[in-house]
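All remarks here apply to the structure that follows.
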Amino acid sequence: MKIKESLAVGSFAFFGGILRYLIGLVLNQPTGFPYGTLCVNLIGAFCLPFLMRYIVARLHLSDQLALAIGTGFFGAFTTFSSFSVDAIRLVNQQQWSAFAWYVGISMVGGVLLSLLADYWAVKLTHNPEEQEVSQ
Amino acid sequence: MTILLVGLGAALGAILRYQLTRIGNHIASEFPLMTFLINLTGSFCLGWLTGSQLSQPVTLFLGVGVLGGYTTFSTLNSELSQLWFRRRYHIFFGYWLLTYGLGLLVAAAGFYAGL
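Top line first, the protein sequences correspond to chains A and B. 1 is the number of the first residue of the first sequence in the UniProt record's numbering; add one for each residue after it. 1 is the number of the first residue of the second sequence in the UniProt record's numbering; add one for each residue after it.
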């Protein structure tokens with residue numbers, strides 16, 4: 001069951017979920033564009049790969065802490081279910097251009113930010129000068 | 001109080017996602033099946049929850065909390081990026097298009113099932 005790992009994931013997810021909720025309260029408009037969900041999703045899409053492929057190695061984080069921050073915090077901070085249901089709400093309200101922008105930016109922006117994070121992480125890891133500085 | 005409901009829900013949802021992903025690791029496949037299924041089932045359930053218009057605390061706990069913590073956008077894109085860097089372009093485009101296409105479809109299906 002991995003009880004200890006589950007508790008680590010759960011406790012970090014507690015804060016990830018709350019932060020998503022608070023950002024949503026500030027940025028999401030009940031009848032308008034879901035800026036809050038878009039914002040947390042794009043931030044998470046960049047931060048998760050960058051964390052897992054750079055920060056973990058650089059700061060020598062333990063596997064358990066990496067799991068808690070990655071799967072727990074960022075997994076719960078970002079959400080796919082709110083994305084899809086928000087998009088359907090825009091369809092129901094016949095806000096076609098908002099729907100197209102929301103789905104388009106999420107679909108393309110999310111994967112581009114993850115690619116950028118992975119690319120940057122690899123570049124930093126294999127840059128000899130960068131490693132020199134860290135010593 | 002509402003903040004605690006959201007946080008506790010997110011913790012439960014994330015633990016469920018973690019346990020399911022661990023089970024999924026035993027399936028030898030390059031297609032990230034577990035995240036795929038998690039995001040689709042979560043979208044259906046949140047659609048249903050939104051359609052049935054339950055009381056606000058229930059919606060906050062189950063919707064924003066449990067289902068928000070259960071489904072994930074960051075892992076989806078991180079997996080897509082890994083597929084791209086490993087040059088698994090067919091799986092990349094299949095996973096990308098199927099997740100969004102079916103995700104929107106099941107969210108709508110859940111919504112109308114809940115009305």
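All C-beta atoms in this analysis are idealised placements derived from N, C-alpha and C, irrespective of residue type, glycine included. Computed from a predicted model, the values in this text were never measured in an experiment.
At a cut-off of 9 Å between C-beta atoms, serine 62/A does not count as an interface residue with respect to chain B. Against chain A, the beta carbon of glycine 42/B has neighbours under 7 Å at Phe80, Ser81, listed in chain order.
Annotated three-state conformation of proline 49/A is helix, per DSSP.
With a contact defined as Cβ atoms closer than 8 Å, glycine 9/B and glycine 51/B miss out at about 19 Å. In the three-state reduction of the DSSP assignment, asparagine 39/B falls in the helix class.
Looking from the CA of serine 106/A, the closest CA among Ala109/B, Trp84/B, Gly101/B belongs to Gly101/B. By DSSP's assignment, proline 34/A forms a beta bridge with Asn28/A. Two segments are said to touch when three or more pairs of C-beta atoms, one from each, lie closer than 8 Å; by this definition the segment 54-69 of chain A does not touch the segment 35-47 of chain B.
Boundaries for glycine 70/A: no alpha helix (DSSP H) harbours it, and the DSSP string shows neither H nor E there. In this structure, the alpha-carbon of glycine 44/A lies about 26 Å from that of valine 58/B. Residues of chain B with a Cβ closer than 8 Å to the Cβ of asparagine 41/A are, in chain order, Phe73, Ser74.
Here the alpha carbons of glycine 24/B and serine 81/B stand approximately 19 Å from one another. In this structure, the alpha-carbon of arginine 88/B lies about 12 Å from that of serine 29/B.
In the assembly as shown, isoleucine 27/B is an exposed residue. Its beta-carbon has fewer than 16 other beta-carbons within 10 Å. Residue environment: alanine 76/A is assigned as buried (16 or more neighbouring CB atoms within 10 Å of its CB, all protein chains considered). The beta-carbon distance between valine 9/A and leucine 67/A, rounded to whole angstroms, is 6 Å. This is short enough to meet the 8 Å contact definition.
In terms of Cβ geometry, glycine 65/B and leucine 5/B form a close pair [threshold 9 Å]. Listed by position along chain B, the residues whose Cβ is nearer than 7 Å to that of arginine 20/A are Gly68.
Of the other Cβ atoms in all chains shown, 16 or more fall within 10 Å of the Cβ of asparagine 77/B; this residue is therefore buried. By the C-beta criterion, the segment 72-91 of chain A is judged to be in contact with the segment 7-24 of chain A, since at least 3 inter-stretch pairs fall below 8 Å. Going by DSSP, alanine 28/B is part of no alpha helix (DSSP H) at all; its letter is neither H nor E. Residue state for serine 55/B is assigned as coil, using DSSP reduced to three classes.
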